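A.B. asks: One line per chain: the protein sequences are Z and D, in this order.
Note that the numbering used here numbers the first sequence so that position 44 is 44, with each residue one more than the last.
Note that the numbering used here numbers the second sequence so that position 5 is 5, with each residue one more than the last.
Quick reminder that beta carbons are idealized off the backbone N, C-alpha and C, glycines included.
Quick caveat: nothing in here was measured; it's all calculated off a predicted structure.
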Amino acid sequence: MSILSTLLIGAQAMGVQQRAIQTTGHNIANVNTPGFSRQRVELSSASPSFAGQLLLGQGVMIGGIKSVVNGFIEAQLLSLSGALGFTEAENRALTEVENAFPVTAGSGIGAALDAFFGALSDLANNPAGQAERVNLIGKAQTLGDTLRQTRSVLTLLQENLDKDLDGAVHRVNALLPQIAALNKQIAMSEAGGERANDFRDQRQVLLQEIARLTGAMVLEEPDGQVTVLAGGLLLVGGDRAASLSATTLNPSGFRLVTYTSPGGVSFDATALLTQGEIGGLLAMRDTTVAGIIDRLDQLAKSLVDTVNAQHALGFDLNGTAGGDFFVPLVTVAGAAALVQVNSAVVANPNLIAAAQDAAGVPGDNRNALALVNLQTTAIASLGNETFKDYFLSLMGDVGAQAQASNSTLDFQQSLLTQTRARRESISGVNLDEEMTNLIQFQRAFEAASLLVRTGDEMYQAILEMVR
Amino acid sequence: MRVTTQSISYQVTAGLQQAFRRLAEVQEQVTSGKRINRLSDDPIGATQVFDLRSFAASLDQYDKNINSALPFLERTETVLADVEEVVGRAKELALAMANDSNSGQERSLAAVEIRQLFLHLLSLANTKVENRYLFGGFKNGTAPFAEGGGAVTYSGDSGEIAIQLDSSATLTLNLVGSKVFQGVGVTGGVDLFDVFLDLETALQANDVTGPEGINTQIGRLDAALDQILSFRAEVGARLNTARTAQEGLAVMKIQSTSLRAKLEDADVLQIYSDFARLQHAFEAALQSASQVIRPTLLDFLR
């Protein structure tokens with residue numbers, strides 16, 4: 001029709017190609033941005049216009065800028081992050097627990113138990129021997145020290161888990177308002193019908209982090225905002241965020257997690273947060289590690305009670321009835337930290353009651369033998385297991401749990417890596433592809449500029465004709 | 001599948017990490033020489049290793065128990081051999097003196113020798129090993145036999161000291177002095193000291209055929225010899241038991257050690273070849289990663 005429309009098509013095409021180049025540039029610039037989804041300019045031809053019988057094309061226009069996202073994979077990434085958050089917390093703790101029970105020969109509680117009963121046996125061989133008595137006290141103290149050290153590694157681990165919990169709660173509190181703010185921006189930006197691609201990408205990264213911390217579930221509302229729920233608690237609803245705090249302590253001195261809803265209602269939500277890193281930290285601190293400490297305490301209490309009871313049946317080198325060999329323990333709780341040889345016995349090894357009969361001193365070794373036999377006696381308070389077997393089954397459980405957690409962690413990590421790779425394969429930026437697009441759009445831009453020049457030359461030709 | 005810059009980088013990182021982790025695991029086995037380096041490597045194997053270690057410790061303890069008992073038993077054996085000799089010598093002397101051709105003077109000289117033999121017997125009965133009197137029962141801190149008022153009294157008791165041979169069996173360490181030397185509780189038992197003192201008296205009194213005479217004492221000396229011999233046999237049997245048990249312990253020790261090694265120790269050839277293989281794999285992964293990551297279209301556009 002008119003030369004003017006040729007000029008317009010050229011100018012419009014230059015603008016569109018330039019937008020496309022800009023989007024390509026945006027993609028290239030964000031090649032390493034976590035969570036970024038590549039964007040694509042949707043091009044379509046402009047509505048044609050009639051020129052007599054002919055339908056003439058009117059050039060190009062932008063249909064929209066879409067980001068390439070697969071909702072299913074994004075949802076899968078969220079749930080995998082939650083599961084992995086739990087397992088990672090669990091695995092870190094179990095690795096520490098495992099280190100408290102070394103497998104090297106001659107170390108740990110098992111070896112200390114063997115050495116203690118060995119020293120008792122030596123005493124039975126020579127009940128009047130000073131060296132044997134002093135050695136027995138030393139071995140009993142080593143056993144107490146080993147129990148105490150093992151327990152302190154575990155309680156230190158509990159304290160560290162408690163600190164980690166505090167850190168995780170702080171991170172949750174930092175994330176929630178950001179998600180709420182992005183919710184608001186997305187709802188505003190998308191009110192006009194355009195997708196807020198970059199805000200959504202940013203929010204998705206934050207959602208993955210909150211899922212990792214709490215195992216949160218994410219529901220998208222029609223207006224583009226998301227509702228975030230964890231353990232039935234509303235963390236984010238629209239542009240309003242809840243908050244957590246970990247300042248209240250339970251009777252054992254560990255942090256409770258208090259939830260404050262967006263409306264300001266707050267209550268103890270420790271029992272509700274069972275997933276994600278926070279769930280893992282709580283489960284380890286309050287159940288697994290606490291359970292192992294309990295079993296260690298039970299072992300220590302039974303040992304002290306049983307040895308003291310048998311010791312009291314005997315007579316010492318002075319022919320006096322045996323007193324306490326270990327300092328007696330009142331409660332099971334904390335027992336493993338308190339196994340100590342009675343200070344009177346330490347000061348005077350002759351108070352060790354090796355004899356069964358006051359008249360049999362010094363050669364009577366029957367009570368010493370009875371003490372040795374405790375090694376192979378089933379102890380009622382240990383579920384009718386011997387000291388050694390009770391300890392071995394504790395170790396076996398620790399090992400089995402650590403092993404299971406290692407393989408779960410491996411599995412979940414490789415699943416997450418695969419899913420991330422799939423996400424990247426769909427949404428990620430391929431530089432070669434962008435370079436190709438860049439050349440393509442650049443050539444189109446050049447051609448469109450040539451179109452403008454051609455229009456210009458056509459005008460010139462007409463003007464020359466008139467002159 | 002579409003491949004992107006980040007998906008390649010994920011893949012390369014994950015692949016390298018995995019290869020490096022395997023390498024580190026095998027490296028740990030190479031340095032420690034152990035297949036099990038922490039409980040989770042093999043929880044069941046690890047507890048079995050602990051059990052076997054504890055078993056080996058108890059075998060060592062039983063061995064130690066026996067070693068502590070052996071000097072005591074061996075000394076008891078030699079003392080009884082000496083006692084046998086002393087009693088034998090006394091019998092020879094008594095037989096010689098029972099002969100009518102001996103004069104009263106000769107018999108009183110023999111009485112002096114019997115006195116010497118008696119003192120020797122008393123010192124044998126009070127033998128001790130490392131501060132423990134062999135024949136005092138539990139009360140082995142003081143000498144069990146003492147002479148006073150023309151008789152020997154026993155101040156020990158009838159305690160029998162047990163030594164643990166294994167988890168269920170014990171071995172009695174000592175012989176009770178009152179049984180061995182005074183025949184207390186022994187059927188037809190004889191008090192050796194009494195016989196020696198009576199013999200001394202008979203010799204001094206030049207009494208051969210009287211009710212307390214030399215001939216009577218010869219009969220009692222025979223009974224005494226039998227008594228000592230039977231106790232000597234008992235000690236011999238105990239020594240035998242102890243030595244047999246010790247041999248058994250040595251065999252069990254070897255068995256349990258080899259069983260533990262099988263569970264715990266790394267197969268050296270296997271891990272060295274694993275190590276070499278994984279090292280190659282790791283290098284190959286590094287090299288291929290460097291080839292995949294480096295070139296882009298940009299390298300070919302200029």
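Which residue wins for smallest C-alpha separation from residue 327/Z, given the options 321/Z, 341/Z, 337/Z?
C.D. replies: Position 327 of the first sequence, counted from the first residue, corresponds to residue 327/Z. Ranking the options by Cα distance to residue 327/Z, first place goes to 341/Z.
A.B. asks: Going by beta carbon distance, what residues of the same chain come within less than 6 Å of residue 261/Z, once the five residues before and after it are set aside?
C.D. replies: If you number the first sequence from 1, residue 261/Z lands on position 261. Beyond the five residues adjoining it in sequence on each side, residue 261/Z comes within less than 6 Å, by CB distance, of 242 in the same chain, given in chain order.
A.B. asks: By the criterion of Cβ-Cβ separation under 9 Å, what are the contact partners of residue 382/Z in chain D?
C.D. replies: Within the first sequence, the letter at position 382 stands for residue 382/Z. Neighbours of residue 382/Z on chain D: none; closest Cβ ~16 Å, over 9 Å.
A.B. asks: If you measure from the beta carbon of residue 403/Z to each beta carbon in chain D, is any gap under 8 Å?
C.D. replies: Along the first sequence, read from residue 1 onward, the residue named residue 403/Z stands at position 403. Yes - at least one Cβ of chain D is within 8 Å of the one on residue 403/Z.
A.B. asks: Buried or exposed, going by whether 16 or more other CB atoms sit within 10 Å of the CB of residue 221/Z?
C.D. replies: Along the first sequence, read from residue 1 onward, the residue named residue 221/Z stands at position 221. When all chains shown are included, residue 221/Z counts as exposed.
A.B. asks: Quick one: is residue 222/D near chain Z, going by C-beta distance under 8 Å?
C.D. replies: Counting from 1 along the second sequence, the entry for residue 222/D is found at position 222. Judged by the 8 Å Cβ criterion, residue 222/D is not in contact with chain Z.
A.B. asks: What are the residues in the region 144 to 156 of chain D lying within 9 Å of chain Z by C-beta distance?
C.D. replies: 156
A.B. asks: Could you tell me the boundaries of the beta strand (DSSP E) in which residue 258/Z lies?
C.D. replies: Counting from one through the first sequence, the residue named residue 258/Z turns up at place 258. Per DSSP, residue 258/Z belongs to the beta strand (DSSP E) from 258 to 260.
A.B. asks: Quick one: which chain D residues come within Cβ less than 7 Å of residue 400/Z?
C.D. replies: As a first step, residue 400/Z is located in the first sequence; it is residue number 400 there, counting from the start. For a Cβ distance threshold of 7 Å, residue set 43 of chain D lies close to residue 400/Z, ordered along the chain.
A.B. asks: Taking DSSP as the reference, what is the three-state secondary structure of residue 139/D?
C.D. replies: Start at 1 with the first residue of the second sequence, and residue 139/D comes out as number 139. Here residue 139/D sits in coil by DSSP.
A.B. asks: Please classify residue 43/Z: does DSSP put it in a helix, a strand, or coil?
C.D. replies: Position 43 of the first sequence, counting from 1, holds the residue named residue 43/Z. DSSP places residue 43/Z in strand when its eight states are reduced to three.
A.B. asks: Could you tell me the distance, in whole angstroms, from the CA atom of residue 62/D to the CA atom of residue 56/D?
C.D. replies: Here residue 62/D is taken as the residue at index 62 of the second sequence, counted from 1. Here residue 56/D is taken as the residue at index 56 of the second sequence, counted from 1. Going from the Cα of residue 62/D to the Cα of residue 56/D covers about 10 Å.
A.B. asks: Are the beta-carbon atoms of residue 129/D and residue 71/D separated by less than 8 Å?
C.D. replies: Within the second sequence, the letter at position 129 stands for residue 129/D. Within the second sequence, the letter at position 71 stands for residue 71/D. Yes.
A.B. asks: So with CB distances below 7 Å, who are the chain D contacts of residue 126/Z?
C.D. replies: If you number the first sequence from 1, residue 126/Z lands on position 126. Here the neighbours are 68.
A.B. asks: Please list the residues of the region 101 to 121 of chain Z that have a C-beta atom closer than 7 Å to any C-beta atom in chain D, keeping them in chain order.
C.D. replies: 101, 103, 105, 110, 114, 118, 121
A.B. asks: Is DSSP giving residue 83/Z helix, strand or coil here?
C.D. replies: In the first sequence, the residue the question calls residue 83/Z occupies position 83. Taken through DSSP and simplified to helix, strand or coil, residue 83/Z comes out as helix.
A.B. asks: Is the separation between the beta-carbon of residue 282/Z and that of residue 259/Z shorter than 8 Å?
C.D. replies: In the first sequence, counting from the first residue as 1, residue 282/Z sits at position 282. In the first sequence, counting from the first residue as 1, residue 259/Z sits at position 259. Not in contact: residue 282/Z and residue 259/Z (Cβ atoms no closer than 8 Å).
A.B. asks: Roughly how many angstroms lie between the CA atoms of residue 149/Z and residue 334/Z, to the nearest whole one?
C.D. replies: Numbered from 1 along the first sequence, position 149 holds the residue referred to as residue 149/Z. Numbered from 1 along the first sequence, position 334 holds the residue referred to as residue 334/Z. One C-alpha to the other measures close to 12 Å.
A.B. asks: Among 209/Z, 96/Z, 117/Z, 237/Z, which residue has its Cα nearest to the Cα of residue 156/Z?
C.D. replies: On the first sequence, position 156 is the one that residue 156/Z refers to. Nearest C-alpha to residue 156/Z: 96/Z.
A.B. asks: Please name the residue in 425/Z, 452/Z, 378/Z whose C-alpha comes closest to that of residue 2/D.
C.D. replies: Translated into positions along the second sequence, residue 2/D becomes position 2. When each option's Cα is compared against that of residue 2/D, the closest is 425/Z.
A.B. asks: I want to verify the contact list: residues of chain Z whose CB lies under 9 Å from the CB of residue 248/D, in sequence order.
C.D. replies: Numbered from its first residue, the second sequence carries residue 248/D at position 248. The contacting residues do not exist; residue 248/D stays about 18 Å from chain Z at best.
A.B. asks: Straight-line CA distance for residue 199/D to residue 150/D?
C.D. replies: Here residue 199/D corresponds to residue number 199 of the second sequence, with the count starting at 1. Here residue 150/D corresponds to residue number 150 of the second sequence, with the count starting at 1. Those two C-alpha atoms are separated by around 13 Å.
A.B. asks: Which residues, taken in chain order from the region 164 to 185 of chain D, show a beta carbon closer than 8 Å to some beta carbon of chain Z?
C.D. replies: 164, 167, 170, 174
A.B. asks: Is any beta-carbon of chain Z found at less than 8 Å from that of residue 51/D?
C.D. replies: Along the second sequence, read from residue 1 onward, the residue named residue 51/D stands at position 51. Yes, contact with chain Z.
A.B. asks: Less than 8 Å between CB atoms is the rule here; does residue 292/Z satisfy it with respect to chain D?
C.D. replies: Counted from its first residue, the first sequence places residue 292/Z at position 292. Output row for residue 292/Z: interface = no.
A.B. asks: Whole angstroms are fine: how far does the CA of residue 316/Z sit from the CA of residue 348/Z?
C.D. replies: Counted from its first residue, the first sequence places residue 348/Z at position 348. Counted from its first residue, the first sequence places residue 316/Z at position 316. Computed Cα separation, rounded: 11 Å.
A.B. asks: Using a Cβ cut-off of 8 Å (strictly closer), state whether residue 420/Z contacts chain D.
C.D. replies: The sequence position of residue 420/Z within the first sequence is 420, counting from 1. At least one chain D Cβ lies under 8 Å of residue 420/Z.
A.B. asks: Got a sec: which bits of the region 253 to 277 of chain D sit with their beta carbon under 9 Å from any beta carbon on chain Z, in order along the chain?
C.D. replies: 264
A.B. asks: Can you say whether residue 224/D is buried or exposed, counting buried as having 16 or more other CB atoms within 10 angstroms of its CB?
C.D. replies: Here residue 224/D refers to the residue found at position 224 when the second sequence is read from its first residue. Buried.
A.B. asks: Does the beta carbon of residue 138/D come closer than 8 Å to any beta carbon on chain Z?
C.D. replies: As a first step, residue 138/D is located in the second sequence; it is residue number 138 there, counting from the start. Yes, contact with chain Z.
A.B. asks: For residue 80/D, tell me which candidate among 253/D, 264/D, 266/D, 233/D has the shortest Cα-Cα distance.
C.D. replies: Here residue 80/D is taken as the residue at index 80 of the second sequence, counted from 1. Closest option to residue 80/D, Cα to Cα, is 233/D.
A.B. asks: When you compare each of 80/Z, 88/Z, 295/Z to residue 332/Z by their alpha carbons, which one comes out closest?
C.D. replies: The residue labelled residue 332/Z in the question sits at position 332 within the first sequence. Cα-wise, what sits closest to residue 332/Z is 295/Z.
A.B. asks: Quick one: which unbroken alpha helix (DSSP H) runs of 4-plus residues sit fully inside the region 96 to 152 of chain Z? Chain order, please.
C.D. replies: 108 to 125
A.B. asks: Taking 8 Å as the threshold, find out whether the region 184 to 202 of chain D comes into contact with the region 212 to 222 of chain D through three or more Cβ pairs.
C.D. replies: yes
A.B. asks: How many Å lie between residue 314/Z and residue 133/D at the Cα?
C.D. replies: Taking the first residue of the first sequence as position 1, residue 314/Z is located at position 314. Taking the first residue of the second sequence as position 1, residue 133/D is located at position 133. Spanning the two alpha carbons is a distance of roughly 22 Å.
A.B. asks: What does residue 424/Z touch in chain D if you count any residue whose Cβ is under 7 Å from its own?
C.D. replies: Indexing the first sequence from 1 puts residue 424/Z at position 424. Here the neighbours are 4, 6, 7, 10.
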